[in-house]
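Whatever position you read off the sequence shown (first residue = 1), add 27 for our numbering. Don't be surprised by glycine CBs; every beta carbon is placed ideally from N, CA and C.
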Amino acid sequence: MTIREIFRIADHWHFAISTTTIETGDPPMRIGIIGAGNIGTALVKRLAPHGHELMLSFHRDRAALSELASSLGVASGTPAEAVEFAEVVVLAVPWGVVPDALKEAGRFDGKILWDCTNALKSDMSGLEVGTTTSAGELVAQWASDARVVKGVPPFAQLLHSDDPTIGGQPPSVFVAGADAQAKAAVAQLMSELPATVTDAGPLEASRFIEPAMMLVVHMAYRQGHGPRIAMQLMR
Ligand SMILES: NC(=O)c1ccc[n+]([C@@H]2O[C@H](COP(=O)([O-])OP(=O)(O)OC[C@H]3O[C@@H](n4cnc5c(N)ncnc54)[C@H](OP(=O)(O)O)[C@@H]3O)[C@@H](O)[C@H]2O)c1
Numbered sequence: 028m029t030i031r032e033i034f035r036i037a038d039h040w041h042f043a044i045s046t047t048t049i050e051t052g053d054p055p056m057r058i059g060i061i062g063a064g065n066i067g068t069a070l071v072k073r074l075a076p077h078g079h080e081l082m083l084s085f086h087r088d089r090a091a092l093s094e095l096a097s098s099l100g101v102a103s104g105t106p107a108e109a110v111e112f113a114e115v116v117v118l119a120v121p122w123g124v125v126p127d128a129l130k131e132a133g134r135f136d137g138k139i140l141w142d143c144t145n146a147l148k149s150d151m152s153g154l155e156v157g158t159t160t161s162a163g164e165l166v167a168q169w170a171s172d173a174r175v176v177k178g179v180p181p182f183a184q185l186l187h188s189d190d191p192t193i194g195g196q197p198p199s200v201f202v203a204g205a206d207a208q209a210k211a212a213v214a215q216l217m218s219e220l221p222a223t224v225t226d227a228g229p230l231e232a233s234r235f236i237e238p239a240m241m242l243v244v245h246m247a248y249r250q251g252h253g254p255r256i257a258m259q260l261m262r
């Protein structure tokens, strides 16, 4: 079974977006999402109630993307339009199509790029890159004019579910990147998913964040624990 088959739970994406705005005191942002799949739509579901403006992009079928985005009450466009629109751009596509997606995105001109990717092999048996470099660092090389922040979100299935916590506890997630302001913006968004966010330091820490998330994927889908699991950092 491939990742896409397993994660295609979001084929019942007919979720209702809450119309209640959640007041956090943090300013709303314009968020352009490259990738309208499980994670892209899960982020729409979880971030829209916080008052953010969202645009979905990158789909092989433009008409289907437009229909999906309108059903979720958000805008749609090309990846380049998503970058133009956004203060924070989210990269949420399978590892194999990251170069195509970034090519379509074009110039970032210093914008924040929240990299959600994990370089998963298509059969989920492991990572394509890891420990001596990372997906985060490669994304930063390919999108060299973006302020890249690594932040792998919790499972899309958890975020799409009625309760995105585990027994009332938000999952722990980590951010890594060189730019403190960019990291703070991504940390704010991740905390709204909800998640407990810890700063793991420079972008090179993606080398450790990504394998840690691989362990959770392995436990969920190869060891049979299912997607209602997450990591928690205890202090
Ligand atoms: N799913 C999770 O729980 C989860 C959690 C944390 C991190 N992540 C990471 O987030 C990223 C996105 O995961 P996802 O589960 O959201 O992926 P997905 O559901 O497969 O979404 C992929 C998106 O990319 C588009 N796309 C365009 N060309 C494509 C091509 N040639 N092959 C595949 N997709 C293409 C898809 O459009 P079409 O609909 O037209 O195919 C869709 O918009 C991955 O790097 C993954 O490791 C996922």
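Out of the options, which one is the CA nearest neighbour of residue i?
i	options	result
V175	A162, Q184, H187	A162
A205	A170, L230, I58, P238	L230
W141	P198, L216, D88	L216
L242	E164, G157, A203	G157
S103	P238, F135, R57	R57
V179	I193, A214, F135	A214
I66	H77, F85, R89	F85
P76	I60, P55, S93, R89	P55
P126	Q168, L92, Q250	Q168
Q259	Q250, A239, E111	A239
D189	R255, A90, S171, R249	R255
V124	K177, S171, L99, R87	R87
A232	E80, K177, L99	K177
Are the beta-carbon atoms belonging to residue i and residue j less than 9 Å from one another?
i	j	result
L74	A109	no
A212	V115	yes
A173	G137	yes
V101	V71	yes
V117	G59	yes
A90	I139	no
S93	R249	no
R234	T160	yes
Enumerate in chain order the residues of its own chain whose CB-to-CB distance from residue i is below 6 Å, with the five nearest sequence positions on each side excluded.
i	result
A69	A183, L186, H187
P198	P181, A222, A257
S218	V224
F201	T225, A227, I236
D150	none
A170	L129, F135, L140
E80	R57
Quick one: what's got a C-beta closer than 7 Å to residue i's C-beta in the same chain, skipping five residues either side?
i	result
G253	A247
L165	V156
I61	S84, F85, P106, A109, V116, V117, L118, A119, V120, A128, A132
S98	none
Grab me the residues of residue i's own chain with a C-beta within less than 8 Å of its C-beta, minus the 5 sequence neighbours each way, in chain order.
i	result
W122	T144, N145, A146, L147, E155, A162
V17	The structure shown does not extend to residue 17, since the chain spans only 28 to 262, so no value can be given for it.
I33	Residue placement at I33 cannot be trusted, given a pLDDT of 35 that sits under 50; what the coordinates show is reported in the next sentence. Closer than 8 Å at the Cβ level, and outside the excluded window around I33, lie M151, Y248.
L95	W40, A63, T68, L83, H86, S103
Does the distance between the C-beta of residue i and the nearest non-hydrogen atom of ligand 3 fall short of 8 Å?
i	result
K138	In the structure shown, ligand 3 is absent; the only ligands present are ligand 1.
Which residues, in chain order, sit with a beta-carbon under 6 Å away from any heavy atom of ligand 1?
-> R31, F34, G62, A63, G64, N65, I66, G67, F85, H86, R87, D88, A119, V120, P121, W122, V124, C143, T144, N145, L147, V179, P180, F182, A183
Enumerate, from N- to C-terminal direction, the unbroken alpha helix (DSSP H) stretches of 4 or more residues contained entirely within the region 191-245.
-> 207-218, 233-244
Write down every uninterrupted run of the beta strand (DSSP E) in the region 77-123 whose length is 3 residues or greater and which is fully enclosed by it, in chain order.
-> 80-84, 102-104, 115-118
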